[in-house]
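For reference, the structure discussed in these notes is given below.
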Amino acid sequence: MRLVQFELSNGERRVGVVEDDRVREVQDAGTVRDLALAAIEAGVNLEQQVKTQGLGISHDYAQLLATLRILPPLDHPDPAHMLVSGTGLTHLGSASARDKMHQQAGDEAAMTDTMRIFKWGVEGGKPAAGEAGVQPEWFYKGDGSIVVRPGQPFPLPPFAEDAGEEPELGGLYVIGQDGKPWRLGFAVGNEFSDHVMERKNYLYLAHSKLRSCSYGPELRVGELPRHLAGTSRILRDGEVLWQNEFLSGEANMCHSLENLEYHHFKYSQFLRPGDVHIHFFGTATLSFADGIRTRPGDVFEISQAEFGAPLINGIKPVEAAFEPGTVGTL
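Position 244, counted from 1, in the sequence shown is what full-length UniProt numbering calls 244; the numbers after and before it change by one each time, with no gaps.
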């Protein structure tokens with residue numbers, strides 16, 4: 001089952017089930033979060049809750065996308081109660097990266113911090129069920145205010161040095177009233193980042209991640225296939241500037257999803273009842289690594305057949321939200 005959130009022409013919100021080229025409304029469901037909380041309370045999974053509430057009228061999916069009425073597939077009415085985060089160095093990546101790791105494996109002192117964490121993940125990122133493995137690299141992106149709906153452009157602030165895509169899968173979670181995290185499913189995402197800033201010094205990674213992101217348009221309910229192959233491409237003036245395959249799923253990762261989830265939700269501050277979490281699981285495919293530099297007007301398109309419609313976003317410069325020396329004094 002694949003779910004979307006969308007707006008009617010009058011601005012009212014609905015939840016829908018994607019059925020080929022149509023979206024059928026879930027009865028009495030204004031948000032996926034409310035649907036999930038109802039499922040938790042009833043002790044059923046999300047698909048069962050949808051069936052219990054039933055389906056109503058249908059809408060043309062292509063028209064909803066074209067008119068930008070498709071919303072991110074999970075959000076929170078108060079953006080401050082939504083955390084967007086992610087993990088890096090989780091995918092096996094290219095053969096050259098693995099060769100580099102193997103060549104240095106015998107000499108810990110000669111390895112970069114990046115390669116050392118990657119090596120730890122390969123060796124200990126998939127522990128036995130119910131056990132904690134090695135912890136991954138972790139980063140914070142922002143709260144719900146940084147999320148861009150499918151079809152809308154990413155804002156490019158004046159201080160940005162790059163506008164780079166990161167095609168990833170994200171886990172979508174709601175915290176139950178008992179403080180337990182519940183995974184609703186997964187969505188394709190673009191964990192948009194500043195790779196020029198990051199490359200200057202790995203200690204700038206935290207800065208480079210404080211950008212917008214997008215995910216969806218669909219939430220895929222249920223377990224994640226072990227092997228997934230999608231396509232990431234960049235369009236410029238309607239032509240393909242760059243295109244490459246990206247792999248995901250545990251068969252292509254050095255960490256298990258269970259291990260990544262544990263090392264996020266082990267922190268008690270992330271277990272506040274009712275909160276929403278979007279957690280990106282990392283990638284091994286970047287246009288930046290191939291020397292591509294994007295610019296305003298370019299369009300990102302990330303597609304994965306098992307997740308339905310592609311995720312499409314552009315790039316648009318925005319004015320500075322804050323200038324040096326303008327902090328007020330009370």
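Note that beta-carbon positions come from the ideal geometry of N, C-alpha and C, so glycine has one too.
Query                                                                                                                                                                           : Result
Is the beta carbon of Leu169 closer than 8 Å to that of Val188?                                                                                                                 : yes
Would you call the region 297-308 and the region 127-137 touching, i.e. three or more CB-CB distances under 8 Å?                                                                : no
Which class does Met1 belong to by DSSP, given the choice of helix, strand or coil?                                                                                             : coil
Would DSSP call Ala105 helix, strand or coil?                                                                                                                                   : The pLDDT assigned to Ala105 is 49, lower than 50, so where the model puts this residue is not dependable; a value taken from the coordinates is nonetheless given after this. If DSSP states are grouped into helix, strand and coil, Ala105 belongs with coil.
Going by DSSP in three states, Lys200 sits in which element: helix, strand or coil?                                                                                             : helix
Residues in its own chain within less than 7 Å of Leu37 by CB, not counting five upstream and five downstream?                                                                  : Val174
What residues match up with Pro155 in a beta bridge as DSSP calls it?                                                                                                           : Lys316
Would Arg116 and Leu74 be called neighbours here (beta carbons separated by less than 8 Å)?                                                                                     : no
How should Gln5 be labelled, buried or exposed, when 16 other C-beta atoms within 10 angstroms of its C-beta is the threshold for buried?                                       : buried
Please list, in chain order, all residues of the same chain as Ala305 whose beta carbon is under 8 Å from its beta carbon, the five residues on each side excluded.             : Gly230
Going by C-alpha distance, which of Leu241, Gly328, Leu330, Phe322 is nearest Pro158?                                                                                           : Phe322
Just the Cα atoms here: how many angstroms apart are Val15 and Asp113?                                                                                                          : 44 Å
Would Leu311 be called buried (16 or more neighbouring beta carbons within 10 Å of its own) or exposed?                                                                         : buried
Cα separation between Leu241 and Phe281?                                                                                                                                        : 26 Å
Using three-state DSSP, classify Ser96 as helix, strand or coil.                                                                                                                : Confidence is the limiting factor: at Ser96 the pLDDT is only 40, short of 50, which leaves the residue's position unreliable, though a coordinate-based value still follows. It is helical.
Near Gly314, which residues of its chain fall below 6 Å by C-beta distance, leaving aside the five closest residues on each side in sequence?                                   : Pro153, Val299
Quick one: complete alpha helix (DSSP H) runs, 4+ long, within the region 251-282?                                                                                              : 257-265
For the beta strand (DSSP E) that Leu64 lies in, which residues bound it at each end?                                                                                           : Where Leu64 is concerned, there is no enclosing beta strand (DSSP E), although the alpha helix (DSSP H) it sits in stretches over 61-66.
To test your reading of the DSSP string, which unbroken alpha helix (DSSP H) runs of 4 or more residues are found completely within the region 201-225?                         : 205-208
Taking Leu92 as the reference, give the member of Ser145, Phe186, Lys180, Phe246 with the closest Cα.                                                                           : Phe246
Are the beta-carbon atoms belonging to Glu218 and Leu35 less than 8 Å from one another?                                                                                         : no
Identify every run of the beta strand (DSSP E) within the region 30-56, keeping only runs that are complete inside it and at least 3 residues long; order them along the chain. : none
Do you know whose CA, among Leu224, Gly308, Arg226, lies nearest Val23's CA?                                                                                                    : Gly308
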